[in-house]
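Asks: Dropping a structure here in structure tokens format, bear with me for questions.
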Amino acid sequence: MMEFNAGRKSSDNIWLSGIMGVVVGDALGCPVQFMSREEVRADPVTTMIGHGTYDMPVGTWTDDSSMTLALLDSIRNKSGIVLQDIMNRFVRWIRNGEYTPFGEAFDVGHGTMAAIVRYMKGDDLKSCGGTTERDNGNGSLMRILPACLFAYENKLTDEDAVSMIHQVAGLTHNHIRGQIACGLYYSCVKSVLDEEGSLSERLQIGFDKGFEFYKEFLQDTSELSHYDRLRDMKKFSEVLESQIKSSGYVVDTIEAAIWSLITTDSFKSCELKAVNLGDDTDTIGAIAGGLAGLFYGDDGIPKEWLEVIQRREWIEDLCKL
1 MMEFNAGRKS SDNIWLSGIM GVVVGDALGC PVQFMSREEV RADPVTTMIG
51 HGTYDMPVGT WTDDSSMTLA LLDSIRNKSG IVLQDIMNRF VRWIRNGEYT
101 PFGEAFDVGH GTMAAIVRYM KGDDLKSCGG TTERDNGNGS LMRILPACLF
151 AYENKLTDED AVSMIHQVAG LTHNHIRGQI ACGLYYSCVK SVLDEEGSLS
201 ERLQIGFDKG FEFYKEFLQD TSELSHYDRL RDMKKFSEVL ESQIKSSGYV
251 VDTIEAAIWS LITTDSFKSC ELKAVNLGDD TDTIGAIAGG LAGLFYGDDG
301 IPKEWLEVIQ RREWIEDLCK L
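So that you can map any letter, position 223 of the sequence shown is 223 in this note's numbering, and since no number is skipped, the others follow by simple counting.
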């Protein structure tokens, strides 16, 4: 298992480091989204490129960033978590193209779209998100970082934080499995920011605390077994790439993101490893990017990648909470 030190400075804006990590990872993966691992391996991503899957200019980000930025903007405007306001911003994203690079929403997940359509038709806010086994896509995990940072900065108790994160996730994905992924991600955010040591060591503490919390928080702990491979970072770091899936299933996604983080030693190498897994490249890049941004800090993200991000200055302004 690789050992390395954080590059984050105490003066760094964690909102900027984390959110920009999400956006950069999303944009890096956008051109090769849905390409198989074999296709990507034949022509691997080595830097920020354009066109590809959606034929978009270099630095274009997708639904992962759009929903993250909509949630962030809601937190900024309401100085807190207001579920109806968040959902209204999701509607404006779909209908009006707000929170997009070029004024039009694209790459919207099926579960996300179905939930937003239910809301627009007048369904109760808390019953819009899908609740079946098939509703465990990664569409809530990919956008959850602002809620995690809000809970962290406001020093919420773990119970209050996770309850809130479950509600925010449940707006579109209301099955407990996907909510657990978001709660574990929050625990990792906290440990990356608060603990010392290598990224792997910090993530180990985060998962240890997360699993321990959920053991008490959940009435039925059977769902935790889906995340068993994340209980031991050393063992998980030794898993072969062929045993890492990069689909849109939330368990596959968080595993791919964490594996990319603990088997690399820089923001750049982490993100390149993540997107070169193929398939749901933008979301895996975004989810890994959030934690990588928090660990490696503002200076850890390659400047040549940041410079081409569409609407970068607007995103940076949003991160000034």
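Where is the CB? At the ideal position from N, CA and C, for every residue including glycine.
Going straight from the alpha carbon of Arg92 to that of Thr264, what length do you get?
Replies: For the purposes of this step, residue 92 is taken as the residue at position 92 of the sequence shown. For the purposes of this step, residue 264 is taken as the residue at position 264 of the sequence shown. In a straight line, the C-alpha of Arg92 is about 38 angstroms away from that of Thr264.
Asks: How do the segment 29 to 44 and the segment 275 to 286 stand: do at least 3 beta-carbon pairs fall below 8 angstroms, yes or no?
Replies: With a cut-off of 8 angstroms, the segment 275 to 286 and the segment 29 to 44 count as touching, because enough Cβ pairs lie within range.
Asks: Measure the beta-carbon distance from Gly21 to Ile301 and round it to whole angstroms, keeping in mind my assumption that it falls under 8 angstroms.
Replies: By 1-based counting over the sequence shown, the position of residue 21 is 21. By 1-based counting over the sequence shown, the position of residue 301 is 301. Indeed, because the Cβ distance is near 7 angstroms, the residues count as touching under 8 angstroms.
Asks: Tell me whether Tyr249 sits in a helix, a strand or coil according to DSSP, three-state version.
Replies: As a position in the sequence shown, residue 249 is number 249, starting the count at 1. In this structure, Tyr249 counts as strand in the three-state DSSP scheme.
Asks: So who's on the other strand from Met87, going by DSSP bridges?
Replies: Within the sequence shown, residue 87 is the residue found at index 87, counting from 1. DSSP lists no partner for Met87.
Asks: Using the Cα positions of Thr68 and Trp15, report the straight-line distance between them to the nearest angstrom.
Replies: In the sequence shown, the residue the question calls residue 68 occupies position 68. In the sequence shown, the residue the question calls residue 15 occupies position 15. Their backbone Cα atoms lie some 11 angstroms apart in a straight line.
Asks: Can you grab the Cα-Cα spacing for the pair Gly197 / Pro57, in whole Å?
Replies: Numbered from 1 along the sequence shown, position 197 holds the residue referred to as residue 197. Numbered from 1 along the sequence shown, position 57 holds the residue referred to as residue 57. About 38 angstroms.
Asks: Count the other C-beta atoms from every protein chain shown that fall within 10 angstroms of the C-beta of Asp158, then say buried if there are 16 or more, exposed otherwise.
Replies: The residue you call residue 158 lines up with position 158 of the sequence shown. Buried, because 16 or more other Cβ atoms sit within 10 Å of the Cβ of Asp158.
Asks: Between Leu171 and Tyr185, what straight-line distance do the alpha-carbon atoms span, to the nearest angstrom?
Replies: Within the sequence shown, the letter at position 171 stands for residue 171. Within the sequence shown, the letter at position 185 stands for residue 185. So the alpha carbons of these two residues sit roughly 17 angstroms apart.
Asks: Determine the DSSP secondary structure at His110, reduced to helix, strand or coil.
Replies: Residue mapping note: residue 110 aligns to position 110 of the sequence shown, counting from 1. His110: helix per DSSP, three-state reduction.
Asks: Taking 8 angstroms as the threshold, find out whether the segment 173 to 191 comes into contact with the segment 145 to 154 through three or more Cβ pairs.
Replies: yes
Asks: Might you give, ordered along the chain, the residues of its own chain that have their beta carbon closer than 6 angstroms to the beta carbon of Ile205, omitting 5 neighbours on each side?
Replies: Locating residue 205 in the sequence shown gives position 205, where the first residue counts as 1. Closer than 6 angstroms at the Cβ level, and outside the excluded window around Ile205, lie Ser191 and Glu195.
Asks: Go ahead and pull the three-state DSSP assignment for Gly178.
Replies: Within the sequence shown, numbered from 1, the residue matching residue 178 stands at position 178. Helix at Gly178.
Asks: Note down the Cα distance separating Ile284 from Gly122, rounded to an integer number of angstroms.
Replies: As a working note, residue 284 is residue 284 in the sequence shown. As a working note, residue 122 is residue 122 in the sequence shown. The alpha-carbon atoms of Ile284 and Gly122 are separated by roughly 32 angstroms.
Asks: Assuming Arg202 is part of the alpha helix (DSSP H), what are its boundary residues?
Replies: The residue labelled residue 202 in the question sits at position 202 within the sequence shown. Here the alpha helix (DSSP H) through Arg202 covers Leu199 to Phe217.
Asks: Under the three-state reduction of DSSP, which class applies to Gly388: helix, strand or coil?
Replies: Limits of the chain in this structure are 1 at one end and 321 at the other, which puts residue 388 out of reach.
Asks: Kindly indicate which three-state DSSP category Met48 falls into: helix, strand or coil?
Replies: Here residue 48 corresponds to residue number 48 of the sequence shown, with the count starting at 1. Met48: coil per DSSP, three-state reduction.
Asks: DSSP on Met35, reduced to helix/strand/coil?
Replies: Taking the first residue of the sequence shown as position 1, residue 35 is located at position 35. Coil at Met35, not helix or strand.
Asks: When the distance is taken between beta carbons, is Gly137 closer than 8 angstroms to Gly248?
Replies: Reading the sequence shown from its first residue, position 248 is the one you call residue 248. Reading the sequence shown from its first residue, position 137 is the one you call residue 137. Their beta carbons are under 8 angstroms apart, which means Gly248 touches Gly137 by this criterion.
Asks: Taking only the alpha-carbon atoms, compute the straight-line gap between Thr53 and Asp220 and give it to the nearest angstrom.
Replies: Locating residue 53 in the sequence shown gives position 53, counting from the first residue. Locating residue 220 in the sequence shown gives position 220, counting from the first residue. Going from the Cα of Thr53 to the Cα of Asp220 covers about 41 angstroms.
Asks: Determine the direct distance from the alpha carbon of Ile176 to that of Gln310, and round the result to whole angstroms.
Replies: Numbered from its first residue, the sequence shown carries residue 310 at position 310. Numbered from its first residue, the sequence shown carries residue 176 at position 176. Near 34 angstroms, if we compare the C-alpha coordinates of Ile176 and Gln310.
Asks: For Arg89 and Phe102, I'd like the C-alpha separation in whole angstroms.
Replies: The residue you call residue 89 lines up with position 89 of the sequence shown. The residue you call residue 102 lines up with position 102 of the sequence shown. Taking the straight line joining both Cα atoms gives about 17 angstroms.
Asks: If you run the structure through DSSP and keep just helix, strand and coil, what is Gly21?
Replies: The residue labelled residue 21 in the question sits at position 21 within the sequence shown. If DSSP states are grouped into helix, strand and coil, Gly21 belongs with the helices.
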